[in-house]
Structures are given as C-alpha cells and as structure tokens.
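**Student:** Quick one: this structure, given as structure tokens, is what I'll be asking you about.
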Amino acid sequence: MKALTFQNIALTPAKVDNQIWLTSADLAKALGYSSDKSVTNLYNSNADEFTSGMTTVIESMTNGINNSQRKIKIRIFSLRGCHLIAMFARTKVAKEFRQWVLDILDKEVGEPVQVAKITDSQAYQIQKAIKQKCLNNKVHYQTIYHALYDEFGVKSYKDILAVEFDKALAFIESFVFTPNLALVHNILADQAHQNKKAKGELSEIIGVVRHLLDHIGELQHRLDVGERNIRALQTRFII
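When the letters of the sequence shown are read in order and numbered with our numbering, they come out as residues -12 to 226.
Okay, structure coming up:
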C-alpha cells in the first residue's frame, strides 16, 4: 500500500477491510512521541471510547534470533481511531495531525467527515464553568475564552468536539490566570495619575482651609477685642 507522509514523517499503512490503518509505532512517530508506549497508554486510559472499527490487534511477522521469523501482536488504529488517539494527545503536533487525518478521511469517503460537536447543554456547562472560574471579572472572561479557543483550535466554544467536552471542563478548572503586564502597567500609571491629581486638589483645599482658619482667628480676635471694649465702656460710664 502507498506510504503516507505527515510533516516529512513516512508512515507505512496497512489496509484492513479496504481502509487505512496505522500501527501504534507509526502513530507515535506522527504525534511526536519517542515510544509507542505513549500511544498504548493513551488507548488503555480511554479504551471504553474506542469501537472495534477504530482499533484492533493483528499478528505480524518479524525477524527473531538468527533471522528466524516469529509472530508478534501489534495494535493498529483506523483513521477514526487515529483521530481519537490524537484527541487525547497533548503534543505540539496533535492538532495538525487530527486535521491531516480528517483530510484523508474526506478523500476516502468522498465527502467531508462530520465530527459531533458539543450539545447546547454541554455548551451551557462550559459557559457556567467559565463564569464560576472568572468570578465576573471581564478581563478574565476574555483571557480564558481565547485560551480555550487556542487550546482546542476553534473559533467558538460551541465548536469544541463532543469527545473533548470533559477535557474542556478540565482545562477551564485547571486554568491559571497569568498577569497581563501591559494591563497592570496601565492600571498602575492611571492610579498614580489619579493619586497625583487628588494630592494636588487636597493641597489646594488645605491651603483654602488654612486661609479660612486664619481669617476666622482674625475675626474671633476682633470680636473678643470688641466685647472687651464694650464691657469696659459699660462698666465705666453706665454702671
């Protein structure tokens, strides 16, 4: 069967029931893993999500001791199985590999492959999880939504695939907000400006108050002098 190439990595597919299947070893290479054990671990952790049409075990002949032939069992994955494994993978090329697999599926079936997206109920749960995580902080809302889009390669959270729903919730739950330094600097600069302005206004008010207090003191002194003069004149000439 004709070899396939993903990002300059040669893959040798097997054809089962007239469909393309890849071995765990080839799948590991394509996803950027150093060992096929990584693919095996991903499968074992999520085996209940795979159907018989996605993966199976076959026997293959390999060279043994003294060039003797021996049979070994290897796990292979159909293109849909490869796509699902790539859903669980967290390597840098996982997203590109998923798209590559879908492109091949398109060619095989002759029409675009429809992959189920999250339901309206699941979309609401994602909204609710984000709201709870952000605690009504508008800046955090934008941050986590864009991080979610980047993580799952979508333009809207409603485009997240159904098989990635649990991962989306886990991503939101574990998301750590990193400081937006530019925003922090702007806030600090604005606060410093407001403080400087407030200090200037306070200084002016204090100056006015001091002037008023001095004037009040002067008026009080004049009143006191006037009262003393009145009493003195009353005592001398009237009483």
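The C-beta atom is built at its ideal place from N, Cα and C for all residues, glycine as well.
Model, not experiment: these values are computed from the prediction.
According to DSSP, simplified to helix, strand and coil, what is A103?
**Tutor:** coil
**Student:** What's the gap between the Cα of K115 and the Cα of Y144?
**Tutor:** 12 Å
**Student:** Give the secondary structure of E98 by DSSP, where H, G and I count as helix, E and B as strand, and everything else as coil.
**Tutor:** Only weak support exists for where E98 lies, its pLDDT of 48 falling under 50; the value from the coordinates is given anyway. E98: coil per DSSP, three-state reduction.
**Student:** Counting only the same chain and skipping the five closest in sequence on each side, list residues whose C-beta sits under 7 Å from that of F75.
**Tutor:** So the list reads L29, N33, once near-sequence residues are dropped.
**Student:** Between H70 and the rest of its own chain, which residues show a CB-CB distance below 6 Å, the 5 nearest in sequence each way excluded?
**Tutor:** R85, V88
**Student:** Distance check for F164 and E191, CA to CA, integer angstroms please.
**Tutor:** In this structure, the CA atom of E191 is about 42 Å from the CA atom of F164.
**Student:** Give me the Cα-Cα distance between G228 and V195, rounded to the nearest whole angstrom.
**Tutor:** Look at the range of the chain in this structure, -12 to 226, and you will see that residue 228 is not part of it.
**Student:** For I117 versus I105, is the C-beta distance shorter than 7 Å?
**Tutor:** no
**Student:** When DSSP labels each residue in this structure, what does V141 get in the three-state scheme?
**Tutor:** Coil.
**Student:** Suppose the cutoff is 6 Å on Cβ atoms and the five residues either side in sequence are ignored; what does the same chain contact list for I(-4) look like?
**Tutor:** K16, A17
**Student:** Just mark A73 as buried or exposed, buried being the case when its beta carbon has 16 or more other beta carbons within 10 Å.
**Tutor:** buried
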